[in-house]
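Below is one structure, written out as structure tokens; the observations come after it.
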Amino acid sequence: MNLDLLLDETTAGALDAAWLLRATAPCGEYGRRAAELGGAPDARAIAADAATFDAATLDALQDALRRAPDVAPALARAGVGDALDDAAFLELLRFCDAWLRARATLARHDRELGTEAAAAACISLVSLLAHGRAGTYGFYLDERFDPVLGAARARAQRAQAEFDAARGRSTQGVARALGRDEIGEHEFILMRGDAPSPLPEGLRVIREAPTYLLCECELDERALAALARRDDADAALAQVEREVREALSARVRERAAGLDDAAAAFGALDAHVAKVRFAQTYACVAAEEAAAGISFEEARYLPLLDQLAREGRAYAPISLDLPGVAILTGPNMGGKSIALRTCGFLALCVALGLPVPAKRARIERFERISWLGIAPESESGGLLSSFAREVVRLRAILERPHERTIVLVDEFARTTTPQEGRALLIALVDRLRERDATALIATHLAGIAQASGATHYAIRGLRGVPARPAGGDLPAALAALADAMDYTLSEVTADSPPQADALALARLLGLDDTLVTAAYAALG
Amino acid sequence: MNAGAGLLDLALRDGAAAIAVVGTGKNAGKTVTTRALLEALRGRCVGLTSIGRDGEAVDIGDASPKPRLRLEPGTIVATARAVLPVSPASEILDTSDLMTAAGPLLYARVRTPAPYELLGAPTASGVRASLDRMRALGAEVTLLDGAVDRVAALAGGDEAIVVATGAATAATVEEAVDDVRALVVRLRLPAVDEREPAVRLDGALTATMVAAFAARGETRQIVVGDPTRIALAGRAFDGAMRRLKLRCERPLRVVAVTVASIGTDRYFEPAGFARAVAAATGLPTFDVYAGARAA
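If you read the sequences in order, they're chains C and D. Take any residue in the first sequence, count from 1 to its spot, add 1298: that is its number in my numbering. Quick note: the second sequence, position 239, residue 235 per my numbering, numbers continuous.
Below, the structure written as structure tokens:
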């Protein structure tokens, strides 16, 4: 599902779609690649696996996925006939190890990973590269890959030893003449005061300074011949090592198709496991597909749930049946916006093929989710007023072709006159109905549902006014408010008056008591 | 005791597991110092990396010949995958996502003696990560050959720092001595005294900030994260030290200086140069070319 087709930036921000993408993000490179390529996740399979796999199984799978290096570059290079380097062999070995470990983990749950060809490629590659295993994790181009390699290394080692001995003999005379135990292969300083005259044969002066000489030892003919033999042996070893790598790379190439399958299966597994982890963590269920509308029981808006959990606060799930267009009223801080976000978040989960955070849900697979009203964007400045920005946005929403749409309206037209705002909302209900859209319209304006004939939901609101905390402690006031608030959405008859808790809320939040009392008096 | 053994003794005396060799400039003798330390560490599992590029046959900047790092079997290196010798083969211990100027960094163990080029992680966090990884892979002591402004990774740790200076870095002995003295003073910036009032800086201390503090007669400690956060050198740094109480959160531990009296274009009298450096820095000073402690 292309997220850009599903929702715009404002809606994505209002619903915190980024949170959902993070919460369902694969843990490894293969999964990220698979996610970019798309593909339709199966919410039922995800929910089923969330119920089947325990946390230890998911940990084991994600550990394998994280440890698997990206072998795509190595396979591509092998595919065009390049000789791979030893780091590539190590990566291939580790990839196959991780893949086979994940496959074994799944097998314990009677589940398979990838194709037979993929498994065969991984198993045979592990066998092919087994001689290279070094230590716990490493790889070394071991002599067991080819006996010629051992012979070449032995020759190079012997040639080096012969050269070292020849150089030692060659420099021995100089060392004796200078009164030193030995002279290494590097340049060294000889103070003029300590320098014998004439300088010993075989000593070469690289640079002269007023008080000292920078010297090195020249090699005699035998040492030079030994050096030439060592260089030849090194070159021969390099050639043999290259041939062994070419041979191994050719064997990798033979298995490339199977390994590509294995990588693809790993990507799919990574993407799937991330979603299973999400579903398990947040007790999600697969929503039934509704022909129209959205209904759910005990649903949670997860970004807020996460935030409250970090603060050690409880979350109150909500239930709703929204077959078409409905009006939502309720007190300030009663959760109207969160109710809208919950609808949008669940719709987003379904559109992305994810289980939803609810006890039960029936949800239409929407092609478009739109948010109108209070959102971070509407707080920014610009040439347009808040109302004008909302109107422009509504125009854009209505200009889109008729799609399976859910529109979430958060106090649209709150910044114009109540009469005109009310009129606009009544007209908007009609227009959304004409388009067969699903919509939830939150407002403080009275009489919209009655005038438009739309279903009317209300948040129950405060169960009594909590006492004002001493010293105007805002966190304490918010905690008291949360305890006293009943966030339940219930359908109300058209003539039910909207509950007005604003003045009680203002008092609780520490507004001057005289002012609040005067407001009550003005309210009559 | 030769230079390498002396340096090692000083560096490891207080339990350091990593030694950084930093230079006052190009061709200050860092690689020769590292080579001396490697010689002294023969028989122990050493981890080796670089901030920037070291061990190449010729200088990338001016094509002048450079001393090579011929490593012994068992040595662990953290270097760019692209510069690891193809032959003789090394044991590949791990790959990583850390990036160098030449691509990803890997960890390898030397199996056959050979010249290695070191091209390590360029960032302080990357350096710290690669030192830690080499230790986890079995290195008893890790050596870092690199740039002075990147040793922030070692700040606050118990790692030892050896400063290399040489005739190639300055026109005269006096200038070279003054440069190394200023660098050592900067790197040995004292730790903040938590009992005294302090102004803590998030970023670097610049000349403009020094002027502003001095103008208002600031007497509190001016505290930077680590000595590399002081963006002042030479006289500007000396002036700031005189006028302000500069301190740091995470000090560095400088244990010794090495001198290379031979430069491409000039030579300093080795004994006099080493004595002057020792007197100016107050640190044990070694001549790694002569192969001995000089002062």
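In this text, a Cβ means the ideal position worked out from N, Cα and C, and glycines have one as well.
Taking only three categories from DSSP, how would you classify residue i?
i, result
"Gly278 of chain D", "coil"
"Glu192 of chain D", "coil"
"Arg1260 of chain C", "The shown model of chain C, from 1299 to 1822, leaves out residue 1260 of chain C, and the question about it has no answer."
"Thr1309 of chain C", "helix"
"Thr1403 of chain C", "helix"
"Leu1618 of chain C", "strand"
"Ser46 of chain D", "strand"
"Gly307 of chain D", "The first residue shown for chain D is -3 and the last is 291, placing residue 307 of chain D beyond what the model contains."
"Pro111 of chain D", "strand"
"Glu87 of chain D", "strand"
"Arg1766 of chain C", "coil"
"Thr260 of chain D", "coil"
"Glu1697 of chain C", "helix"
"Met95 of chain D", "strand"
"Glu1586 of chain C", "strand"
"Ser1381 of chain C", "Sequence inspection shows Ala at residue 1381 of chain C; the Ser mentioned does not correspond to that position. Coil, per DSSP."
What is the residue span of the alpha helix (DSSP H) that residue i lies within?
i, result
"Val1424 of chain C", "Glu1414 to Leu1427"
"His1742 of chain C", "Here His1742 of chain C belongs to no alpha helix (DSSP H), and DSSP marks it neither H nor E."
"Pro1371 of chain C", "Ala1370 to Gly1377"
"Pro100 of chain D", "Where Pro100 of chain D is concerned, there is no enclosing alpha helix (DSSP H), although the beta strand (DSSP E) it sits in stretches over Gly99 to Arg105."
"Leu1301 of chain C", "Leu1301 to Leu1304"
"Arg1467 of chain C", "Pro1445 to Leu1476"
"Lys26 of chain D", "Lys26 to Ala36"
"Arg184 of chain D", "Neither: Arg184 of chain D is in no alpha helix (DSSP H) and is coded neither H nor E."
"Lys22 of chain D", "No alpha helix (DSSP H) contains Lys22 of chain D, which DSSP labels as neither H nor E."
"Ala1354 of chain C", "Ala1353 to Arg1365"
"Val1571 of chain C", "Ala1554 to Thr1579"
"Leu127 of chain D", "Ala120 to Ala132"
In angstroms with no decimal places, state the Cα-to-Cα distance between residue i and residue j.
i, j, result
"Thr168 of chain D", "Ala272 of chain D", "12 Å"
"Thr1815 of chain C", "Leu1807 of chain C", "14 Å"
"Glu1499 of chain C", "Val1472 of chain C", "7 Å"
"Phe1710 of chain C", "Leu1638 of chain C", "13 Å"
"Glu113 of chain D", "Met95 of chain D", "16 Å"
"Arg131 of chain D", "Pro266 of chain D", "36 Å"
"Ala1536 of chain C", "Gly142 of chain D", "30 Å"
"Arg1331 of chain C", "Ala(-1) of chain D", "53 Å"
"Asp198 of chain D", "Arg1666 of chain C", "46 Å"
"Asp1395 of chain C", "Leu89 of chain D", "16 Å"
"Glu1539 of chain C", "Leu185 of chain D", "51 Å"
"Thr1350 of chain C", "Ala1607 of chain C", "26 Å"
"Asp1492 of chain C", "Asp1479 of chain C", "15 Å"
"Arg1805 of chain C", "Ala1624 of chain C", "31 Å"
"Phe1643 of chain C", "Val251 of chain D", "60 Å"
"Leu1567 of chain C", "Thr119 of chain D", "34 Å"
"His1700 of chain C", "Pro1764 of chain C", "47 Å"
Report buried or exposed for residue i, applying the criterion of at least 16 other Cβ atoms within 10 angstroms of its Cβ.
i, result
"Asp1708 of chain C", "buried"
"Pro1629 of chain C", "buried"
"Glu87 of chain D", "buried"
"Pro1496 of chain C", "exposed"
"Asn23 of chain D", "buried"
"Ile1504 of chain C", "exposed"
"Arg191 of chain D", "exposed"
"Ser121 of chain D", "exposed"
"Pro61 of chain D", "In this prediction, Pro61 of chain D scores a pLDDT of 49, lower than 50, which makes its location untrustworthy; the coordinate-derived value is nonetheless stated afterwards. By the 10 Å Cβ count, Pro61 of chain D comes out exposed."
"Met1783 of chain C", "buried"
"Glu1688 of chain C", "buried"
"Cys1631 of chain C", "First, the residue type needs correcting, since residue 1631 of chain C is Met and not Cys in the sequence shown. So Met1631 of chain C ends up on the buried side."
So residue i contacts chain E; which residues on that side make the cut at Cβ distance below 8 Å?
i, result
"Tyr285 of chain D", "Checking the listed chains, one finds no chain E in this structure; the protein chains it contains are C and D."
At what residues does the beta strand (DSSP E) containing residue i begin and finish?
i, result
"Ile218 of chain D", "Gln217 to Val220"
Opposite residue i in the DSSP bridges: which residues?
i, result
"Arg1666 of chain C", "C:Thr1703"
"Phe1486 of chain C", "C:Cys1513"
"Ile226 of chain D", "D:Leu201"
"Ser1593 of chain C", "C:Asp1619 and C:Arg1660"
"Ala1252 of chain C", "Residue 1252 of chain C is absent from the structure shown; chain C starts at 1299 and stops at 1822."
"Glu1506 of chain C", "C:Leu1511"
"Lys241 of chain D", "D:Gln217"
"Ser1788 of chain C", "C:Ala1756"
"Ala14 of chain D", "D:Thr138"
"Ala76 of chain D", "D:Leu101"
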